[in-house]
Amino acid sequence: MTTATANLIAREPLPDHEQKKLALGYLHDAWIEATHDGIDGDCLAQTALFLALAELTTTYGEEAAARYESELRNSFRLEGAESPRFDLIALGMGPDGHCASLFPHTAAIHEMSRLAIANHVPQQKESWRITLTWPVINHAGSVFFLIAGADKAAVLNEVLTGPRDPERLPSQLIWPASGILTLILDKAAAALLPATNGEGCGFLERER
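Written out as structure tokens, the structure is:
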């Protein structure tokens, strides 16, 4: 969820009885200054809606990841190797094929047993990110990508139709247990994909 989306929810809050049914969590976050030119909409601690989770930003690295994993285990009442099941996870994708904070050629791509980890991302000004792992994302009830811009078209086409290479294209790791991955794209991002129907909808089959 982006900061813009979170701000919209904060401006138009759900009724109290509906808020009790809603739980929000971090997909990923980065420890960078608010004036940093690499900041994006996923620095949720800056949004009033997420003040309850902002304490995570006072710890760093693996300490923060371990703390968040503990919070997830307690919130979902998990035992042993159980994984949390989010109803919905919203993802974006970068021009390099990353999603969440699963960046190309980083350690998080290979993590399968943890729920959340600290990921060192040298290509993003040596930043450290806390991120849910891809098995947790795939375990969600529904997963969708929201992607816009011509700079994403080539890599999106490669992610969906090219050879499997998640080390270089981490978004290929996202394959929900339901077998259905929803893509919400603008025309520019979808320009190199197979044609859709007259309503702008289409289906693309992909082998595991």
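Numbering (my numbering), first residue to last: 176 to 383. We treat Cβ as the ideally placed atom computed from N, Cα and C, and that holds for glycine.
Where residue i falls: helix, strand or coil (DSSP)
| i | result |
| --- | --- |
| Leu263 | strand |
| His273 | coil |
| His314 | coil |
| His295 | strand |
| Ile284 | helix |
| Trp350 | coil |
| Phe325 | As written in the sequence, residue 325 is Ala, which differs from the Phe given in the question. The answer is helix: DSSP assigns Ala325 an H, G or I state. |
Range covered by the alpha helix (DSSP H) that runs through residue i
| i | result |
| --- | --- |
| Asn372 | From DSSP, Asn372 is part of no alpha helix (DSSP H); its letter is neither H nor E. |
| Arg152 | Residue 152 is absent from the structure shown; the chain starts at 176 and stops at 383. |
| Thr336 | 328-336 |
| Ser250 | 236-250 |
In DSSP terms, what residue i is bridged to
| i | result |
| --- | --- |
| Phe319 | Ala265, Thr357 |
Close-in-space but distant-in-sequence residues of the same chain around residue i (CB under 8 Å, 5 per side omitted)
| i | result |
| --- | --- |
| Glu237 | Ile292, Ala293 |
| Met268 | Cys274, Phe320, Ile322, Lys327, Val330, Leu331, Val334, Ser346 |
| Arg389 | Outside the shown range of the chain, which is 176 to 383, sits residue 389, and nothing can be said about it. |
| Ala282 | Ile292, Asn294, His295 |
| Ala366 | Ala325, Ala328 |
| Asp212 | Here the model assigns Asp212 a pLDDT of 48, short of 50, so the residue's position is not dependable, and the following value carries that caveat. Same-chain partners within the cutoff: there are none. |
Own chain partners of residue i with C-beta closer than 6 Å, once the 5 adjacent residues on each side are dropped
| i | result |
| --- | --- |
| Leu344 | Gly272, Val334 |
Nonlocal neighbours in the same chain, by C-beta distance under 7 Å from residue i, ignoring five residues either side
| i | result |
| --- | --- |
| Ala352 | Asn313, His314 |
| said: Pairs of beta-carbons, one from the region 249-269 and one from the region 304-319, closer than 8 Å: are there three or more? | reply: Verdict: yes, contact present.
| task | Mind the definition here: the region 293-305 touches the region 355-365 only if three or more C-beta pairs lie below 8 Å; say whether that holds. | result | With a cut-off of 8 Å, the region 355-365 and the region 293-305 do not count as touching, because too few Cβ pairs lie within range.
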